[in-house]
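Student: Residue numbers (the working numbering): 439 to 773. C-beta atoms are modelled at their ideal positions from N, C-alpha and C, and glycine is treated no differently.
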Amino acid sequence: MFIDEAKIYVKAGDGGNGCLSFRREKFIPKGGPDGGDGGDGGDVYFEAVKDLDTLLDFAGKHHWIARNGKPGEGANKHGADGEDLIIRVPPGTLIYDTDLDLLLRDMNQTGLKVCVCRGGKGGKGNKAFATSTNQTPRIATPGKKGQERNIRLELKLIADVGLVGMPNAGKSTLISRCSAARPKIADYPFTTLEPVLGIVELSDYRRFVMADIPGLIEGAHDGTGLGYEFLRHIERTTVLAHILDVMPADGSDPAENYHTLRNELAQYSIALAKKPEIIVANKIDLDPDAAKVQQLEKRLGKTVAHISAVTGSGIKELCETLWQQVKKTKEEKSG
Ligand SMILES: Nc1nc2c(ncn2[C@@H]2O[C@H](COP(=O)(O)OP(=O)(O)OP(=O)(O)O)[C@@H](O)[C@H]2O)c(=O)[nH]1
Ligand SMILES: [Mg+2]
Numbered sequence: 439m440f441i442d443e444a445k446i447y448v449k450a451g452d453g454g455n456g457c458l459s460f461r462r463e464k465f466i467p468k469g470g471p472d473g474g475d476g477g478d479g480g481d482v483y484f485e486a487v488k489d490l491d492t493l494l495d496f497a498g499k500h501h502w503i504a505r506n507g508k509p510g511e512g513a514n515k516h517g518a519d520g521e522d523l524i525i526r527v528p529p530g531t532l533i534y535d536t537d538l539d540l541l542l543r544d545m546n547q548t549g550l551k552v553c554v555c556r557g558g559k560g561g562k563g564n565k566a567f568a569t570s571t572n573q574t575p576r577i578a579t580p581g582k583k584g585q586e587r588n589i590r591l592e593l594k595l596i597a598d599v600g601l602v603g604m605p606n607a608g609k610s611t612l613i614s615r616c617s618a619a620r621p622k623i624a625d626y627p628f629t630t631l632e633p634v635l636g637i638v639e640l641s642d643y644r645r646f647v648m649a650d651i652p653g654l655i656e657g658a659h660d661g662t663g664l665g666y667e668f669l670r671h672i673e674r675t676t677v678l679a680h681i682l683d684v685m686p687a688d689g690s691d692p693a694e695n696y697h698t699l700r701n702e703l704a705q706y707s708i709a710l711a712k713k714p715e716i717i718v719a720n721k722i723d724l725d726p727d728a729a730k731v732q733q734l735e736k737r738l739g740k741t742v743a744h745i746s747a748v749t750g751s752g753i754k755e756l757c758e759t760l761w762q763q764v765k766k767t768k769e770e771k772s773g
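In structure tokens, the structure reads:
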């Protein structure tokens, strides 16, 4: 499980000021007070909606402010109320007030809508202060300020696609190619020490969450290397993308590497081994006549996606394949 987080500032609208005005018309020398009330400021709500699954929308927008109420006007015109602001979040989002260090709400249900800031009440126009003893009140009140808060949103993300593979296979290079994630990349094993999440965006607003974890080696299920702790993270993903280096620098055989890693997954848990898997042959730029990839496909007897995480070749197609597989698996699961 990974945490997606966003910090934002929210503010409800201020109330509009009340108006101080007297009726002034031809032939009516002493018109009475006619200043209208100000409109109320808009409230700020959070709503959990089902078509969102990340907090990505908050990355570029920090200030979320509802509309102010309009001031009252003469001729007893009430100012218009400010429009409410409804901020859409994925179900499962936790809303914290950072100043109070307080959990305001767990948006654990689709459709849940909660108000976090109330708009300021509109001020009273002088008309409202007219009494039998004071028929020409010269007061109107200002609108009240809308409430404001500093908010932290937190969403526990479950990755759709987990990248598995031996150290140096090119997992981090791949995730940095197809998402905004920028894990460290280097030509030595165990470059990645912590899982990294990336959001892969496709056409038509389709997106899925990809997780890069440290490389796995033989004995990983027993705790050798770094992998073990992180297998837990990918146990809940929907699809595995098994990344194979077609030209391992250590001269090892990609097909054997495949079986070694499959064996580790199976030893770790049956659920993990049963997950749908897309096999990906990476570094095809080092195999210009495709001899190695073809040999690999033949040895495995399975279809393999061909990519080069460095040149970008085949990545778009791979992301489509992964998305289709995630969709299919999720549909099967939900029956
Ligand atoms: N030629 C070539 N080199 C690649 C390609 N993809 C990755 N590499 C190189 O392979 C090395 C390892 O890449 P990483 O992305 O760090 O590999 P990793 O699987 O994340 O490795 P660990 O984090 O150690 O498990 C780096 O030197 C990359 O530049 C590729 O498509 N072609
Ligand atoms: Mg890595």
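#1: Is it right to say glycine 466 is buried, meaning 16 or more other beta carbons lie within 10 angstroms of its own, or is it exposed?
#2: Once the 5 residues before and after phenylalanine 567 are set aside, which same chain residues still bring their CB inside 7 Å of it?
#3: Which residue wins for smallest C-alpha separation from glutamate 511, given the options Gln547, Ile722, Gly563 and Arg526?
#4: Kindly indicate the opening and closing residues of the alpha helix (DSSP H) around arginine 587.
#5: Report buried or exposed for leucine 541, applying the criterion of at least 16 other Cβ atoms within 10 angstroms of its Cβ.
#6: Does the Cβ-Cβ distance between valine 776 and alanine 649 come in under 9 Å?
#7: In chain order, what residues place their C-beta within less than 6 Å of a heavy atom belonging to ligand 3?
#8: Do alanine 518 and aspartate 481 have their C-beta atoms within less than 9 Å of each other?
#9: Report the three-state DSSP secondary structure of valine 487 (helix, strand or coil).
#10: So, is serine 479 buried or exposed, given that buried needs 16 or more other C-beta atoms within 10 angstroms?
#11: I think tryptophan 502 touches valine 554, with their Cβ atoms under 8 Å apart; what is that distance to the nearest whole Å?
#12: Specify the secondary structure class of leucine 538 as computed by DSSP and reduced to three states.
#13: Report the three-state DSSP secondary structure of isoleucine 655 (helix, strand or coil).
#14: What is the DSSP secondary structure of histidine 671, counted as helix, strand or coil?
#15: Please report the residue range of the alpha helix (DSSP H) in which isoleucine 753 lies.
#16: Ignore the nearest five residues each way along the sequence and tell me which others in leucine 601's own chain have a CB closer than 7 Å to its CB.
#17: Would you list, in sequence order, the uninterrupted beta strand (DSSP E) runs of no fewer than 3 residues that lie entirely inside the stretch 474 to 521?
#18: Per DSSP, which residues does asparagine 720 bridge with? Please list them.
#19: Quick test of the definition: if touching needs 3 or more C-beta pairs under 8 Å, does the stretch 733 to 745 touch the stretch 707 to 722?
#20: Which ranges does the beta strand (DSSP E) cover as unbroken runs of at least 3 residues, wholly within the stretch 553 to 627, from first to last along the chain?
#21: Under the rule that 16 or more other beta-carbon atoms within 10 Å means buried, what is leucine 631, buried or exposed?
#22: Give me the DSSP bridge partner(s) of isoleucine 466.
#23: Just checking my contact of glycine 451 with glycine 520 at CB under 8 Å: how many whole Å lie between their CB atoms?
#24: Where lysine 582 and glycine 558 are concerned, what is the direct C-alpha to C-alpha distance, given to the nearest angstrom?
#25: Please report the Cβ distance between tyrosine 706 and histidine 671, rounded to the nearest whole angstrom; I am assuming they are in contact, meaning their Cβ atoms lie under 8 Å.
#26: For lysine 551, which of helix, strand or coil comes out of DSSP?
#27: Starting from arginine 700, trace the alpha helix (DSSP H) in both directions and tell me its first and last residue.
#28: Say yes only if the C-beta of aspartate 683 is nearer than 8 Å to one or more non-hydrogen atoms of ligand 2, and no if none qualify.
Tutor: On the basis of the data shown:
#1: Within the sequence shown, numbered from 1, the residue matching residue 466 stands at position 28. Looking at the sequence shown, residue 466 is not glycine but isoleucine. Residue burial annotation: isoleucine 466 is exposed, with fewer than 16 other C-beta atoms found within 10 angstroms of its C-beta.
#2: Within the sequence shown, the letter at position 129 stands for residue 567. The beta carbon of phenylalanine 567 sits closer than 7 Å to those of Pro575 and Ile577, all from its chain and outside the five residues before and after it, given in chain order.
#3: Along the sequence shown, one-based indexing puts residue 511 at 73. Comparing alpha-carbon positions, the option among Gln547, Ile722, Gly563 and Arg526 lying closest to glutamate 511 turns out to be Gly563.
#4: Position 149 of the sequence shown, counted from the start, is the residue given in the question as residue 587. Note, arginine 587: premise wrong, no alpha helix (DSSP H); beta strand (DSSP E) at 586 to 595.
#5: Stepping through the sequence shown from its first residue, residue 541 is reached at position 103. By the beta-carbon neighbour count (other beta carbons within 10 angstroms, threshold 16), leucine 541 is exposed.
#6: Outside the displayed range of the chain (439 to 773) lies residue 776, so it cannot be described from this structure.
#7: Ligand 3 is not part of the structure shown, which contains ligand 1 and ligand 2 as its ligands.
#8: Taking the sequence shown and counting its residues from 1, the one referred to as residue 518 is at position 80. Taking the sequence shown and counting its residues from 1, the one referred to as residue 481 is at position 43. Between alanine 518 and aspartate 481, the C-beta spacing is not below 9 Å.
#9: As a working mapping, residue 487 is identified with position 49 in the sequence shown. In the structure shown, valine 487 falls within a coil segment according to DSSP collapsed to helix, strand and coil.
#10: Against the sequence shown, residue 479 aligns to sequence position 41. Before going further, note that residue 479 is glycine rather than serine in the sequence given. The residue is buried, with at least 16 neighbouring Cβ atoms inside 10 Å.
#11: In the sequence shown, counting from the first residue as 1, residue 502 sits at position 64. In the sequence shown, counting from the first residue as 1, residue 554 sits at position 116. Not quite, the Cβ-Cβ distance comes to about 10 Å (not below 8 Å), so this is no contact.
#12: Counting from one through the sequence shown, the residue named residue 538 turns up at place 100. Three-state DSSP puts leucine 538 in coil, outside helix and strand.
#13: Indexing the sequence shown from 1 puts residue 655 at position 217. Coil at isoleucine 655, not helix or strand.
#14: In the sequence shown, residue 671 corresponds to position 233, counting from 1. DSSP, reduced to helix, strand and coil, places histidine 671 within a helical segment of the structure shown.
#15: Taking the sequence shown and counting its residues from 1, one reaches residue 753 at position 315. Per DSSP, the continuous alpha helix (DSSP H) segment holding isoleucine 753 begins and ends at 753 to 771.
#16: The count along the sequence shown starts at 1 and reaches residue 601 at position 163. Excluding positions up to five away in sequence, the list reads Lys609, Leu612, Ile613, Met648, Ala649, Asp650, Ile651, Ala679 and Ile681.
#17: If we require 3 residues or more, the beta strand (DSSP E) runs fully inside the stretch 474 to 521 come out as 482 to 486 and 501 to 503.
#18: Within the sequence shown, residue 720 is the residue found at index 282, counting from 1. In DSSP, asparagine 720 forms a bridge with Asp683.
#19: Verdict: yes, contact present.
#20: Listed in chain order, they are 586 to 595 and 599 to 603.
#21: The residue you call residue 631 lines up with position 193 of the sequence shown. Per the 10 Å Cβ criterion, exposed.
#22: Along the sequence shown, one-based indexing puts residue 466 at 28. Its beta-bridge partners are Glu463.
#23: Within the sequence shown, residue 451 is the residue found at index 13, counting from 1. Within the sequence shown, residue 520 is the residue found at index 82, counting from 1. At roughly 3 Å, the Cβ-Cβ gap stays under 8 Å, so glycine 451 and glycine 520 are in contact.
#24: Start at 1 with the first residue of the sequence shown, and residue 582 comes out as number 144. Start at 1 with the first residue of the sequence shown, and residue 558 comes out as number 120. If I take the Cα positions, the gap works out to 4 Å.
#25: As a position in the sequence shown, residue 706 is number 268, starting the count at 1. As a position in the sequence shown, residue 671 is number 233, starting the count at 1. With a contact defined as Cβ atoms closer than 8 Å, tyrosine 706 and histidine 671 miss out at about 12 Å.
#26: For the purposes of this step, residue 551 is identified with residue 113 of the sequence shown, where counting begins at 1. Correct three-state label for lysine 551: strand.
#27: For the purposes of this step, residue 700 is taken as the residue at position 262 of the sequence shown. Start and end: 692 to 706.
#28: Numbered from 1 along the sequence shown, position 245 holds the residue referred to as residue 683. No; taking the cut-off as 8 Å, the Cβ of aspartate 683 has no heavy atom of ligand 2 nearer than that.
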